[in-house]
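In the working numbering, the protein residues as written are 8 to 263.
Quick reminder that beta carbons are idealized off the backbone N, C-alpha and C, glycines included.
Keep in mind the model is a prediction, meaning the values are calculated, not measured.
Below you'll find the structure, written out as structure tokens, and then a few comments.
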């Protein structure tokens, strides 16, 4: 049997139980302290990540904390990977989803953890106004009524970007006015909606903010992985360091 490690994205800490499950691991605590040191020494930020993770999901995912939430998730995932490296065989593949691409690249030896922390914070400094553009919502269809081709055509018509998580659950990024149309349709069709992020990740509407740092992202120092990486975007193996860097941009802008 082939083993693969899959690293989830920013939503991985939404549930308190998920945030708390791995914090007692010494490897996770070590990565959190390492991240705090990088934030202090290289980003001039004094942060207690344990304190951040003890807050409510709403506080953790507030726009002012979003880059620190990303650092915390990367630290937790990297710490869990450190533990698995000690107690389990090396996986045949690693794959990330969205933000999970960072810890995936760290574990595969393609990206240094300290760089991942420093670069992510620096690249997300200039995001003022991003929460005024739109947001990400989750849309869940009834158990016996999955989304139809007509629904997807309508989403395309109103210019929102849809990530297909399951046949019955979508992550949709868009502007506020189009998302209001979805709320109306949701009442008609019995869909449940929920806010996932207070800015439109995985959508065309985040591109102007990403373009500001595109050159810097493409210049990050990555290496060929020592463990095979499988891309959740191209659905192909990744071995070229430049391609790995380019996917750091896709992990923010591309639908899933």
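- Going by beta carbons, residue 193 and residue 200 fall inside the 8 Å limit.
- Scanning its chain for C-beta atoms nearer than 7 Å, with the 5 sequence neighbours on each side dropped, one finds around residue 149 the residues 197, in chain order.
- In the structure shown, the three-state DSSP call for residue 116 is coil.
- In the three-state DSSP reduction, residue 111 falls in the helix class (H, G or I).
- Its Cα nearest to that of residue 40, the residue 121 stands out among 121, 151, 206.
- Here the C-alpha atom of residue 170 lies approximately 15 Å from the C-alpha atom of residue 206.
- As for any alpha helix (DSSP H) of minimum length 4 sitting wholly inside the stretch 26-111, the runs are 33-50, 56-60, 64-67, 73-94, ordered along the chain.
- Nearest Cα to residue 20 within the set 238, 124, 117, 107: 107.
- Between residue 232 and residue 115, the C-beta gap is smaller than 8 Å, which places the two residues in contact.
- In the DSSP secondary-structure assignment, residue 14 is bridged to 103.
- If you look at residue 189, you'll find it in the alpha helix (DSSP H) that goes 183-196.
- Note that the stretch 43-60 touches the stretch 70-89; at least 3 beta-carbon pairs, one per stretch, sit closer than 8 Å.
- Between the C-alpha atoms of residue 250 and residue 60 there is a straight-line separation of about 32 Å.
- Apart from sequence neighbours up to five positions away, the residues of its chain that approach residue 89 with a beta-carbon distance below 6 Å are 34, ordered along the chain.
- The beta-bridge partner set that DSSP reports for residue 244 consists of 237.
- A straight line joining the alpha-carbon of residue 12 with that of residue 102 spans about 6 Å.
- 262 is the residue among 159, 262, 172 whose C-alpha sits nearest the C-alpha of residue 213.
- Of all alpha-carbon atoms in 246, 208, 257, 229, the one lying nearest the alpha-carbon of residue 221 is that of 257.
- Pairing residue 151 with residue 240, the inter-Cα distance amounts to about 29 Å.
- In this model, residue 42 and residue 10 are separated by some 28 Å (Cα to Cα).
- The secondary-structure analysis by DSSP pairs residue 204 across a beta bridge with 143.
- Annotation for residue 172: the continuous beta strand (DSSP E) segment containing it runs 168-173.
- When the beta-carbon positions are compared, residue 208 and residue 127 stay at least 8 Å from each other.
- Collapsing the DSSP output to three states places residue 21 in coil.
- For residue 135, no alpha helix (DSSP H) run applies, since DSSP gives it neither H nor E.
- Here the C-alpha atom of residue 234 lies approximately 43 Å from the C-alpha atom of residue 190.
- Setting aside the 5 residues that flank it on each side, residue 137 is surrounded in the same chain by 206, 216, each with a C-beta closer than 6 Å to its C-beta; the list follows chain order.
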